[in-house]
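Chains as they are written, first to last, in my numbering: chain A, 7 to 243; chain B, 73 to 361. Each remark here refers to the structure printed beneath this line.
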């Protein structure tokens, strides 16, 4: 059986600067995979490449279909939601308008209303601030908003770029618990890029280690946690 | 006092027209951060289209609606065919394209319809129907402007498509990530702006008469209006439009005379740029370094 997401020989560059030198990885439906690596290794670029935000070479198959070279908005319509680096808030719009935009491509109006209440259930803070201009939310609240906006798509696959960025430790735990719940209850697959390697490995089923634009190590989260090099460089013990 | 009131009301009528065109400028500006210098000529071209329809015997209001639709399509086509290829070009290149568009539309219109000044009908009766201080056309033009503004407000505020257009103008990357086809939203924005311009053209033509250069002055006032209100603020542009219209009329009638009216717009533009570059309601742009 072909993998849910299959990436083969993925190259990407910003102008003359090549960032990815042939990334290969795969993930199964319903699982959580994390990409680990130092700053500048190409984790964010990998996520951006998957949804067509940078020019790429190589093959990306999602649910058996080639999506490399397609426009970002077409890839999103296949059910891939990206929580981008920098949160991507629509700062002049209200919190609720931001969330409704997440469901822009959906036609099932009633289910969208249900989902809106569902994400308000996950993040009551956003409900309190539903009429507030999203640019005035705190960094942490905007991060919750970014995750919620992605959930509003009812995605099959979520790409999460540093979901813990700028959040207080307690909120991070809460957020990761919510992600786990979404994954288990709704079978949403997730590809997570995270600075906090320990948390990412706790969340994920599989992990890939990226160094200077190449995958250098892969395995289940348990195996990766046991790896001496990873432990020293990324887990710090 | 009567004369003053009359001038203020007439100013509100032309002000509404400036407001519409200023709004068209702001819409394009929000999406592209550029001022479309050809906005006035696009409106003028649409007005000639209306004139042709009416001349061919079509009643005014059907011709009006058909012209709005024509202007919308014209705007979409211009964006797709002319603006899209220079999307990522340097600012100056795009400005040159805008100016070229201005010149081309102007000369093509002159070539098709000649430069002879033509009268353009008003849909409102010649006898006063809104009282003695305001002509029917002025009153009607204010009404039409307010309807256009209300429709736009409702569209942007309450429809999913309006929301998507605002999102695409504000944050194109994020808009793509929620599946919005940003390119089409830009084209729609051009279409809407051109349609608003078309309405403005048809409302101003009975006052200034129809000729290929009729929108030159109007565009200048609209630009002043947009700057006064803040070039990134739609509500500000509308306020600026009415303000410029009244100022122009009152100053022209009582202070500086009709010959210097256009100077009011220039003084306003320079004054705003010097004293308060972001306009009365514009956002002060602060860049973190």
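Where is the CB? At the ideal position from N, CA and C, for every residue including glycine. Note that the coordinates shown come from a computational prediction; the quantities given were computed from them, not determined experimentally.
Unbroken beta strand (DSSP E) run spanning residue i, endpoints
i	result
residue 118 of chain B	Premise fails: residue 118 of chain B lies in the alpha helix (DSSP H), 111 to 127, not in any beta strand (DSSP E).
residue 40 of chain A	38 to 42
residue 215 of chain A	212 to 217
residue 65 of chain A	62 to 68
residue 167 of chain A	163 to 167
residue 250 of chain A	One cannot answer for residue 250 of chain A here, as it falls past the ends of chain A, which runs 7 to 243.
residue 14 of chain A	11 to 20
residue 88 of chain A	86 to 89
residue 198 of chain A	195 to 199
Where residue i meets chain A, residues with beta-carbon distance less than 9 Å
i	result
residue 236 of chain B	107 and 110
Neighbouring residues, chain B, relative to residue i (Cβ below 7 Å)
i	result
residue 96 of chain A	239, 242, 243 and 246
Beta carbon proximity, residue i to chain B, threshold 8 Å
i	result
residue 240 of chain A	no
residue 88 of chain A	yes
residue 200 of chain A	no
residue 102 of chain A	no
residue 21 of chain A	no
residue 10 of chain A	no
For residue i, the first and last residue of its enclosing alpha helix (DSSP H)
i	result
residue 179 of chain B	163 to 185
residue 23 of chain A	That residue, residue 23 of chain A, is in no alpha helix (DSSP H); its beta strand (DSSP E) goes 23 to 33.
residue 83 of chain B	74 to 104
residue 140 of chain B	132 to 150
residue 191 of chain B	Per DSSP, residue 191 of chain B belongs to no alpha helix (DSSP H) and is neither H nor E.
residue 227 of chain B	208 to 230
residue 311 of chain B	306 to 326
residue 126 of chain A	115 to 128
Residue-level contact to chain A via CB, residue i, 8 Å cutoff
i	result
residue 361 of chain B	Note that residue 361 of chain B has pLDDT 49, beneath the 50 cutoff, so the model's placement of it is unreliable and no number is given.
residue 98 of chain B	no
residue 252 of chain B	yes
residue 34 of chain B	Residue numbering for chain B in the displayed model covers 73 to 361; residue 34 of chain B lies beyond these limits and cannot be assessed.
Where residue i meets chain A, residues with beta-carbon distance less than 8 Å
i	result
residue 232 of chain B	106 and 110
residue 106 of chain B	Going along chain A, no residue has its Cβ under 8 Å from residue 106 of chain B, so there is no contact; the nearest lies around 19 Å.
residue 145 of chain B	Under the 8 Å cutoff, chain A gives no residues; its nearest Cβ is about 23 Å from residue 145 of chain B.
Interface partners of residue i on chain B, CB under 8 Å
i	result
residue 99 of chain A	235, 238, 239 and 242
residue 155 of chain A	250
Scan the segment 31 to 64 of chain A for residues whose Cβ lies nearer than 9 Å to a Cβ of chain B and list them as they occur along the chain.
Answer in chain order: 57, 58 and 59.
Measuring CB atoms only, is the segment 127 to 142 of chain A touching the segment 35 to 49 of chain A, in the sense that at least three cross pairs come out at less than 8 Å?
Touching, no, given that fewer than three Cβ pairs across the two stretches are closer than 8 Å.
Chain B contacts from the segment 157 to 175 of chain A (Cβ-Cβ distance under 9 Å):
Result list: 158 and 159.
At a CB distance below 7 Å, what residues from the segment 64 to 86 of chain A approach chain B? Give them in sequence order.
Those residues of the segment 64 to 86 of chain A that come within reach of chain B (Cβ to Cβ, closer than 7 Å) are 78, 79, 82 and 83.
Using 8 Å as the cut-off, can you tell me whether the segment 273 to 288 of chain B makes contact with the segment 179 to 193 of chain A, which would need three or more C-beta pairs spanning the two stretches below that distance?
Not touching, per the Cβ criterion.
Got a sec: which bits of the segment 259 to 285 of chain B sit with their beta carbon under 7 Å from any beta carbon on chain A, in order along the chain?
Listed by position, the residues of the segment 259 to 285 of chain B near chain A (Cβ gap below 7 Å) amount to none.
Interface positions of the segment 113 to 146 of chain A facing chain B (Cβ-Cβ less than 9 Å), listed along the chain
Sequence-ordered contacts of the segment 113 to 146 of chain A with chain B are nonexistent [C-beta pairs closer than 9 Å].
With 9 Å as the limit, tell me which residues of the segment 199 to 225 of chain B have their beta carbon closer than that to any beta carbon of chain A; keep them in chain order.
Taking 9 Å as the Cβ-Cβ cut-off against chain A, none of the residues of the segment 199 to 225 of chain B qualify.
Pairing CB atoms from the segment 105 to 113 of chain B with CB atoms from the segment 162 to 172 of chain B, are three or more of them under 8 Å?
Touching, per the Cβ criterion.
Specify whether the segment 141 to 152 of chain B and the segment 248 to 264 of chain B touch according to this definition: at least 3 beta carbon pairs, one from each stretch, less than 8 Å apart.
Output reads yes: the segment 248 to 264 of chain B touches the segment 141 to 152 of chain B.
For the segment 200 to 220 of chain B against the segment 295 to 303 of chain B, are there 3 or more C-beta pairs whose distance is under 8 Å?
The answer is no - the segment 295 to 303 of chain B does not touch the segment 200 to 220 of chain B, with fewer than three Cβ pairs under 8 Å.
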